[in-house]
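Below is one structure, written out as structure tokens; the observations come after it.
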Amino acid sequence: MKISKKRLYLILGGLLTIYVLLAIAPAFAQDMTEAEYRPFPVIGSRTAAWIAAQLHLLFGSFILGVPMFAVIIEFIGWKTKDMRYDRMAQEFIKLCMGAFSTTALLGGVLVFILIWCYPKVMSKLSGIFGPTMIFYVILFFGETFTLYLYSYGWDKMQGRHKGWHLFLGVLLNVWGTAIMFVSNAWLSYQTSPATQHGILSEMRKKSWMEEQLAADPSRTPETVMEGVTDHSMIPLHNETTGEFMGTVWDAVNNFTWMPINIHRLVGNIAFGGSIVAAYAAFRFLVAKTKEDKAHYDWMGYTGNFIALCGLIPLPFLGYWLGREIYLFNNTMGINMMGSLFSWLFIIQAVMIGVLFIGANYYLWSGMGRIQGAEIYARYRPYMITIIILCVAVWMTPRTLSRIASPSELSAMGGGNHPRLGLFGLMTAKNTVVNIIILITFLSFLFYRRSGKTPTVSWGKVGNVAISSIFFFATVAIVVIGIVGFSVPTDLRVNVLTPYQVLIALVVMAVVTVVDIFMYRKATTSGAINWGEMTDRSQYVLILIAITFTSLMGLMGYARSGLREAWHIFGVMQDTSVDAFTPLLSEAVNMVAIIMVIFFALVGFIFWLGLWGEKKKQEKTAVEREAVAQGDD
Amino acid sequence: MKKLSLFTTCLIILVGSWVFLRFVVGGIISVPIPSSVIAMYMGLIVIAILVHISVEDSQFREFLRPIRETLVDDRRRLHRRVLVVLIPLFLLGYTYSIIAQRANPPGSPRDAHPSPPLELTYKDEVIGTMQDVVNPYRHYEKDDPEAFRAHVENGKRVYHDNCFYCHGDHLDGQGHFAPYLQPLPANFQDPGVIPNFQESFFFWRIAKGGPGLPAAGTPWDSAMPIWEDKLTKEEIWDVILFLSDYTGYQPRTFGEAH
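As they're listed, the protein sequences go chains V and H. Residue 606 in our numbering sits at position 599 of the first sequence, and the numbers go up by one each step. Residue 549 in our numbering sits at position 256 of the second sequence, and the numbers go up by one each step.
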């Protein structure tokens, strides 16, 4: 008997529906009106919340990051009167518009899952953060309407209204940043429900003192305060009952709130830039005309430049966040860097290595489209060598016991290699990351200079000065790194590492200024041939976006997993069936699945935009033809 | 002399790097590097080569030229035949080296560092939170150097009475019993050991020994005894002072910023 295609689909659809209903049936068969936890059907609560939260975060990061640089690009276009910038900024915002509703939708899905699966946790959190949730809704309305005005008013508000339009763009970013800060308060509080004595509310100071005196009646307020400084960490909960005793602001301004805020703010710029660059790469690869190729090449370059601007400070900000986690709780810090999650940071090093190598590769490829850039090609092998050596140090694990055979371990005399083991320490890793950043900056400098000849009389002196700055800065960073092996950790973390970072930042600032003056009236030997890029370089842009997405997913696993079996660290224990830390392999699989879903959704949204654009172009073409025929 | 092709140069770099890591770093300079780490470094070198050859189209074509010639050029027929034999042989050998049974005991999947508990205890007495407990005799270093020396001397005595059999008389983990222990005793001369942890961490490790290690990251297989059964609190704190005094490394503190 031959079954028609339609019937086959109907049968398959029916079977699938029956399977799903059977699979979720047990969940509905339980009385869970007063439950502490409710199981999410089939995949489990944690997996469901994980997927929804990570997807929401990825989309959120995109729609918060893109307007930040879109408004800057729009401003550049307005000031330089170059409409290309304006058009590109508008295109960025169009991408944002498509992703905006998906972000909100995923946020809704996440809230439903949390309320359904974790009612007690949500009840506790909403009891503390209730007022911020109202504030969040207000901010969300503000952002939605501002985005609509900003996007739909783009063409209408050209000319004398441009200033107002830019104001809308800035306002959009204010709303967006505020939204992120509010939601960051909820999750950072779960990790670090404590704040420093110096910024604690009077109400909590008083209740904390009462708790201390009640716990040990032999103590007086003076003896309780012995050794307590403004920096001392005070829990926001009654240590016996677990009851929240602080103010809303105490909970918001918890110990890791600001480091997460700043880290995510800059991370959003880098992520937004990379997604935009990947979009441009895709459009470049499918472009049929030279004009389109040139436009999307330029867009890809801009996206990558923005991603790089965000990427460069990210390791420093991540380091700061890590330092704060150690300060909040040393055990949590050891878990992160030396124990449960230490191998995750090796994967992180590999991925950041991919990002930097990819970004440099793209810059070097880009020099191929500039006439006169050949003179810098001779430096490339050395730069690749330095970057690879630095990445090798960065990804060398401290302890090799998990990846060495027993005979290799006995040959090494333990889990640490006597020489390479030193690369596993933070002082070595901080040193190499600063050097990678300087080399990446040098690549950008070469790119900027390509095809130009300085006309200033002090050109040679300037070059010698810049080379010397790079050389001595690198030597200084390496020397500080070596000294870091033999000084107390406190000194290394709080003085030496910040100095290394400072040196790298000062080099970038000073060299940029000198270079701007050197090349102010430079003669141009060749134009940039936009569109003349290899396809390989475009795949690198896509790879960078994929790497960013995976990295965010994996670091999200670390940030959340650090709480171990606590919903609120040290206060509210996780007693669900998922109260165990998933294996790294499980986390990697989950992140891979989330990444595939994310790119499928992003691809669909971008395709919708393209589809609409195509229809519009076809309609315009038909109208033009009709007008032309009418003229005849 | 004929200039080497880009392909040959890259091949020489690749093989040279492997020889350097395997025999120079892992032989002449230091002890052997685990093969997994060499594989990781070789992967990076391959990436570096791929980046170098593929940035420019002309260079990419130049790199591919000998491969293409070997595959299609009639003058390279001999090369082709040799490769047709060598490549499967290499893959065969590689596959065999991976799947062949070896008389190796199971590996040791332990973490770099065990996670300490949130509270520091001595027997059943709670001393305080791991984060906040400090060595009660550390302040003598500034306030009363003589008393500090006395504590260090006491720590030295405790160490040589109890610890040096495994951790060695140079505190480098090379004691008399060390070769028979797996995992090996801690090497306090390593810059990654003392500076990375607070003194409360060392107190916990000494007091609770191998049996007190956390459930996460098992099996630990540590032979470290439970020293709180034999040493007083003061002796444990003193031996910690001795460890840092002898090696010159300061245990981790969070300074004024905390």
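The beta carbon of each residue, even a glycine, is placed where N, CA and C say it ideally should be. Computed from a predicted model, the values in this text were never measured in an experiment.
DSSP state of residue i mapped onto helix, strand, coil
i	result
H/T422	strand
V/K459	strand
H/H463	coil
V/L347	coil
V/P228	helix
H/Y279	Nothing can be reported for residue 279 of chain H, as the shown portion of chain H is limited to 294 through 551.
V/E413	According to the sequence shown, residue 413 of chain V is Pro rather than Glu. If DSSP states are grouped into helix, strand and coil, V/P413 belongs with the helices.
V/A201	strand
V/H647	For chain V, the structure presents residues 8 to 639; residue 647 of chain V sits outside this window and is missing.
V/T530	strand
V/T504	helix
H/P409	coil
V/M240	strand
V/I50	coil
H/Q394	coil
V/F323	helix
V/E374	The displayed chain sequence assigns Met, not Glu, to residue 374 of chain V. V/M374 falls in the helix class under three-state DSSP.
H/E549	Caution is warranted here: a pLDDT of 46 is assigned to H/E549, below 50, making its placement in the model unreliable, and the coordinate value is therefore given only provisionally. Looking at H/E549 - three-state DSSP - the assignment turns out to be coil, as it is neither helix nor strand.
V/M540	coil
V/M358	helix
Distance CB(residue i)-CB(residue j) smaller than 7 Å
i	j	result
H/N428	H/W497	no
H/V344	V/I135	no
V/G105	V/G616	yes
V/P175	V/L156	The displayed chain sequence assigns Leu, not Pro, to residue 175 of chain V. Yes, the pair counts as a contact, with Cβ atoms nearer than the cut-off.
V/I319	V/G280	no
V/I601	V/G560	yes
H/Y542	H/P478	no
V/F66	V/T24	no
V/V521	V/G469	yes
V/A511	H/P325	no
V/M343	V/L503	no
V/F107	V/V73	no
Within-7 Å CB hit, residue i to chain H
i	result
V/Y368	yes
V/I341	yes
V/L407	yes
V/N536	no
V/G375	yes
V/F492	yes
V/D237	no
V/G458	no
V/A106	no
V/R385	no
V/A30	no
V/I353	no
V/R543	yes
V/G365	no
V/T184	no
V/I332	no
V/I241	no
Within-7 Å CB hit, residue i to chain V
i	result
H/Y334	yes
H/V312	no
H/R545	yes
H/M423	yes
H/H406	yes
H/L411	yes
H/Y539	no
H/V339	no
H/H551	Note that H/H551 has pLDDT 34, beneath the 50 cutoff, so the model's placement of it is unreliable and no number is given.
H/H345	yes
H/L379	no
For residue j and residue i, believed in contact at Cβ under 8 Å, the rounded distance
i	j	result
V/S450	V/I377	At roughly 13 Å, the Cβ-Cβ gap does not stay under 8 Å, so V/S450 and V/I377 are not in contact.
V/A284	V/I551	7 Å
Neighbour list for residue i in chain B, Cβ cutoff strictly below 8 Å
i	result
H/I322	Chain labels in this structure do not include chain B; the protein chains are V and H.
Problem - Secondary structure, alpha helix (DSSP H): runs of 4+ residues fully inside the segment 87-141 of chain V - result: Segments of the alpha helix (DSSP H) lying fully in the segment 87-141 of chain V: 90-124.
Handout entry: Segments assigned alpha helix (DSSP H), at least 4 residues, entirely inside the segment 451-529 of chain H
Key = 457-460, 492-501
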